[in-house]
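In the working numbering, the protein residues as written are 83 to 221.
Written out below as structure tokens is the structure these notes cover.
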Amino acid sequence: MRYMMIMPVDAAVAAAPMPIDMAEAVAMMGRYNEDMQKAGVFLGAEGLSPADEGFRVDFDSAPPVVTDGPFAEAAEVFNGFWIIEVASRDEAEHWARKCPLGPGTSLEVRRINDLSDFSELGPDNEWVKKEQEWRAAHE
Numbered sequence: 083m084r085y086m087m088i089m090p091v092d093a094a095v096a097a098a099p100m101p102i103d104m105a106e107a108v109a110m111m112g113r114y115n116e117d118m119q120k121a122g123v124f125l126g127a128e129g130l131s132p133a134d135e136g137f138r139v140d141f142d143s144a145p146p147v148v149t150d151g152p153f154a155e156a157a158e159v160f161n162g163f164w165i166i167e168v169a170s171r172d173e174a175e176h177w178a179r180k181c182p183l184g185p186g187t188s189l190e191v192r193r194i195n196d197l198s199d200f201s202e203l204g205p206d207n208e209w210v211k212k213e214q215e216w217r218a219a220h221e
């Protein structure tokens, strides 16, 4: 099973100066990532640029409305994510608990759907078949 560990951070915390040196923070995350790599569960991770460099697309109207960040109404911003592949929810929880984060941060952990989650569509669904073909070609 693949899981995404998403790092939402309180907007006020994200705007404040880092409480530790950037080199120290990178080293802590590097060791965490290395531990997951050695365990064979690490598939990828990325940090995200600040919210003021982002934008939001709102589909409540046609055409969709694009709004540049930051987003004043946001209580949290996403700072990064990891994708891991583990045998169970318990194992995903194990790795999430080991993440070297501090106050004002959290991890939202969600299982990533796989093609079996769409089995109710039947084996002949055109779009499921195309996705299977694409994945097979890119493994």
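Where is the CB? At the ideal position from N, CA and C, for every residue including glycine.
Rounding to the nearest angstrom, what Cα-Cα distance links residue i and residue j in this structure?
i, j, result
"VAL210", "GLU202", "11 Å"
"GLY151", "PHE200", "34 Å"
"HIS220", "GLN214", "10 Å"
"SER198", "VAL123", "21 Å"
"ALA105", "GLU208", "49 Å"
"PRO182", "ALA121", "17 Å"
"ASP117", "GLU175", "15 Å"
"ASP178", "MET111", "What sits at residue 178 in the sequence shown is Ala, not Asp. ALA178 and MET111: Cα-Cα distance of roughly 12 Å."
"GLY204", "ALA218", "19 Å"
"ALA107", "MET100", "9 Å"
"ASP103", "THR149", "32 Å"
"GLN119", "GLY184", "22 Å"
"TRP216", "GLY126", "20 Å"
Which residues share a DSSP beta bridge with residue i?
i, result
"TRP164", "MET87, ALA127"
"GLU190", "ILE88"
"PHE137", "ASP150"
"GLU158", "ASP92"
Please list, in chain order, all residues of the same chain as residue i whose beta carbon is under 8 Å from its beta carbon, the five residues on each side excluded.
i, result
"ASP92", "ALA157, GLU158, GLY186, THR187"
Excluding sequence positions up to five away, which residues of its chain have a Cβ less than 7 Å from the Cβ of residue i?
i, result
"GLU135", "GLY151"
"PHE160", "ILE88, MET89, PRO90, LEU130"
"PHE153", "ALA133, ARG138"
For residue i, I'd like the list of residues in its chain whose CB is within less than 6 Å of its CB, leaving aside the five on either flank, ordered along the chain.
i, result
"VAL95", "GLY186"
"VAL139", "PRO146, VAL148"
Where does residue i fall in DSSP's three states?
i, result
"ASN33", "Past the boundaries of the shown model lies residue 33; the chain is included only from 83 to 221, so the question cannot be answered."
"GLY122", "coil"
"ASN115", "helix"
"SER201", "helix"
"GLU221", "coil"
"ALA97", "helix"
"ASP206", "coil"
Under 7 Å: does the beta carbon of residue i sit that close to some heavy atom of the ligand MN?
i, result
"GLU173", "In the structure on display, the ligand MN does not appear, and there are no ligands present to speak of."
Check whether the stretch 85-99 touches the stretch 180-192, taking contact to mean three or more Cβ pairs, one atom from each stretch, closer than 8 Å. yes
Spell out a yes or no on whether the stretch 135-146 and the stretch 173-192 are touching, meaning 3 or more CB-CB pairs, one atom from each, closer than 8 Å. no
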